[in-house]
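Everything in the sequence shown is counted per the working numbering, starting at 255 for the first residue and increasing by one. Each residue gets a CB set at the ideal place from its N, CA and C atoms; glycine is no exception.
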Amino acid sequence: MPATKFICPDGSSVTVLKCLNKCPRIERCMFLPTLRAVAAALDRKLPKATVTELLCGTRETYLKQTTEYAVNPQQQLYALHGTAVHTINEAHTEGNMLSEERLADEITSGQFDLYGQIADYDDATLGDFKVTSSYKLMRALGYYKVDMLTGEVYKTGARKGQPKTRKEWRIDGVKHLLDWAIQLNYYRMLLEARGFKVDSMKIQALCRDYNLRIASERNISKPAYIIPINKISDRWVKLYVSEKAKRLQAALDNNALPPVCTAKERWHDRKCLGYCAVAENCPYGRMLKEKIQVKAA
Ligand code: SF4
Ligand code: SF4
Numbered sequence: 255m256p257a258t259k260f261i262c263p264d265g266s267s268v269t270v271l272k273c274l275n276k277c278p279r280i281e282r283c284m285f286l287p288t289l290r291a292v293a294a295a296l297d298r299k300l301p302k303a304t305v306t307e308l309l310c311g312t313r314e315t316y317l318k319q320t321t322e323y324a325v326n327p328q329q330q331l332y333a334l335h336g337t338a339v340h341t342i343n344e345a346h347t348e349g350n351m352l353s354e355e356r357l358a359d360e361i362t363s364g365q366f367d368l369y370g371q372i373a374d375y376d377d378a379t380l381g382d383f384k385v386t387s388s389y390k391l392m393r394a395l396g397y398y399k400v401d402m403l404t405g406e407v408y409k410t411g412a413r414k415g416q417p418k419t420r421k422e423w424r425i426d427g428v429k430h431l432l433d434w435a436i437q438l439n440y441y442r443m444l445l446e447a448r449g450f451k452v453d454s455m456k457i458q459a460l461c462r463d464y465n466l467r468i469a470s471e472r473n474i475s476k477p478a479y480i481i482p483i484n485k486i487s488d489r490w491v492k493l494y495v496s497e498k499a500k501r502l503q504a505a506l507d508n509n510a511l512p513p514v515c516t517a518k519e520r521w522h523d524r525k526c527l528g529y530c531a532v533a534e535n536c537p538y539g540r541m542l543k544e545k546i547q548v549k550a551a
């Protein structure tokens, strides 16, 4: 079931249809074509859950497929930015490239962004665009800070005599990008099953807040980064995705709400509190929001 309502800037909601026909507020919060583009992007018509949908929490995907929900169209703009980046690139792909093809197998489907000579003229790279935050980028790149001794000691105060340290960046940490890696590896498998050789996988990540101070505090200094993705074994990727597809299908067949998304899937509750479109339809999401309201009262 697609999102059926838009949330206006004043917090009230209105059906997408009504919004597109005539804005009932004092003035439109965005241009009509932008709102139409948001509505079109939300209106999925695919018979099966995609790889990206399966990588979300099963409960979230189940609720998106079975319940009506409302989205704030302004918060969908970054997703549209992603689509715009695809379109810009699509106009410049040449003979040895494929772009935005949807491929399917018996489990799911996925639409890769670019494949072919996108990194060089002599290899076949599978590429994906991401528009993301400096926080996610810092984690995906494996950046972390360590305390380094300065050689000085505190001369006064509670820490008198203790060594002074300063923070230094390291770039060899664990790369938190498993979901991106599974997604690209699944696309790789779909391509290889059709006889296309994939030499490497890469993500071109655009940082949406790179010019803010918070981004430089996270060691993010460029608007775009290329992130190589390692190969994961076909067997593991297929097992993981098919298990998630099975869980979703079982819930749909039995009309049964799946268990709460895992802590990782719900970003340790941050997603439930601010970024999950179906939080109002999820008992766990509602419970968290009520708790916050009680605390604030
Ligand atoms: S244009 Fe914006 S303010 Fe007007 S109904 Fe649509 S979402 Fe609400
Ligand atoms: S509110 Fe949280 S637990 Fe519920 S569907 Fe959304 S992410 Fe999952």
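query: For ligand 1, I want to know if Met284 counts as a neighbour, meaning its beta carbon is within less than 7 Å of at least one of the ligand's heavy atoms.; result: yes
query: Does the Cβ of Ala504 have 16 or more other Cβ atoms within 10 Å, making it buried, or fewer, making it exposed?; result: exposed
query: Does Phe366 pass the burial test, meaning 16 or more other C-beta atoms within 10 Å, or should it be called exposed?; result: buried
query: Going along the chain, which residues of its own chain have a beta-carbon closer than 6 Å to the beta-carbon of Asp377, five neighbours each way excluded?; result: Asp453
query: What residues match up with Asp382 in a beta bridge as DSSP calls it?; result: Ile457
query: Taking only the alpha-carbon atoms, compute the straight-line gap between Ala550 and Tyr529 and give it to the nearest angstrom.; result: 20 Å
query: Spatial neighbours of Thr315 within its chain, please: C-beta separation below 8 Å, excluding the five flanking residues on both sides.; result: Ala303, Glu307, Leu308 and Leu502
query: Suppose contacts are defined by Cβ-Cβ distances below 8 Å. Is Lys408 in contact with Val305 by that definition?; result: For the record, residue 408 in the displayed sequence is Tyr; it is not Lys. No, Cβ-Cβ distance for Tyr408 and Val305 is not below 8 Å.
query: Inspect the CB distances between the stretch 290-298 and the stretch 319-333 and report whether three or more fall short of 8 Å.; result: yes
query: Going by the C-beta, is Val305 closer than 7 Å to any heavy atom of ligand 2?; result: no
query: Pairing CB atoms from the stretch 379-397 with CB atoms from the stretch 460-472, are three or more of them under 8 Å?; result: yes
query: So Leu403 is in the beta strand (DSSP E); what residue range does that whole segment cover?; result: Tyr398 to Val407
query: For Ala333 versus Lys259, is the C-beta spacing smaller than 8 Å?; result: no
query: Identify the residues that DSSP records as bridge partners of Gln365: which are they?; result: Arg356
query: When DSSP labels each residue in this structure, what does Tyr441 get in the three-state scheme?; result: helix
query: Is Phe260 near ligand 1, going by C-beta to nearest heavy atom under 7 Å?; result: yes
query: Measure the alpha-carbon distance for Phe450 versus Gln437 and round it to whole angstroms.; result: 17 Å
query: Considering only the alpha carbon of each residue, which of Tyr398, Leu542, Tyr494 and Glu281 lies closest to Ala435?; result: Tyr494
query: Starting from the C-beta of Ile486, find all residues in its chain whose C-beta is less than 8 Å away, skip the five residues before and the five after it, and write them out in chain order.; result: Ala435, Ile436 and Asn439
query: With DSSP as the reference, please indicate the residues paired to Ile481 in a beta bridge.; result: Ile457
query: With a threshold of 7 Å, establish whether the CB of Glu544 neighbours any heavy atom of ligand 2.; result: no
query: If I follow the unbroken beta strand (DSSP E) through Trp554, where does it start and stop?; result: Since the displayed the chain opens at 255 and closes at 551, residue 554 lies outside it and no answer follows.
query: Would the beta-carbon of Gly478 fall within 8 Å of that of Ala459?; result: Going by the sequence as given, residue 478 is Ala instead of Gly. Yes, the Cβ-Cβ distance between Ala478 and Ala459 is below 8 Å.
query: Does DSSP put Met351 in a helix, in a strand, or in coil?; result: strand
query: Please tell me whether, using a cut-off of 7 Å, the distance from the CB of Leu331 to the nearest non-hydrogen atom of ligand 3 is below it.; result: Absence of ligand 3 is noted for the structure shown, with ligand 1 and ligand 2 being the only ligands found.
query: May I have the straight-line CA-CA distance separating Gln371 from Thr337, to the nearest angstrom?; result: 21 Å
query: Just grab the DSSP bridge partners of Phe285 for me.; result: Bridge partners of Phe285: none, in fact.
query: Does the distance from the C-beta atom of Leu445 to that of Tyr369 stay below 8 Å?; result: yes
query: Out of curiosity, what's the CA-to-CA distance linking Ile361 and Gln416?; result: 59 Å
query: Taking the alpha helix (DSSP H) that Thr304 falls in, what are its first and last residues?; result: Element bounds for Thr304: n/a, residue is neither H nor E.
query: Please work out which residues of its chain come closer than 7 Å, Cβ to Cβ, to Gly311, disregarding the five sequence neighbours upstream and downstream, and give them in chain order.; result: Cys515, Thr516, Glu519 and Arg520
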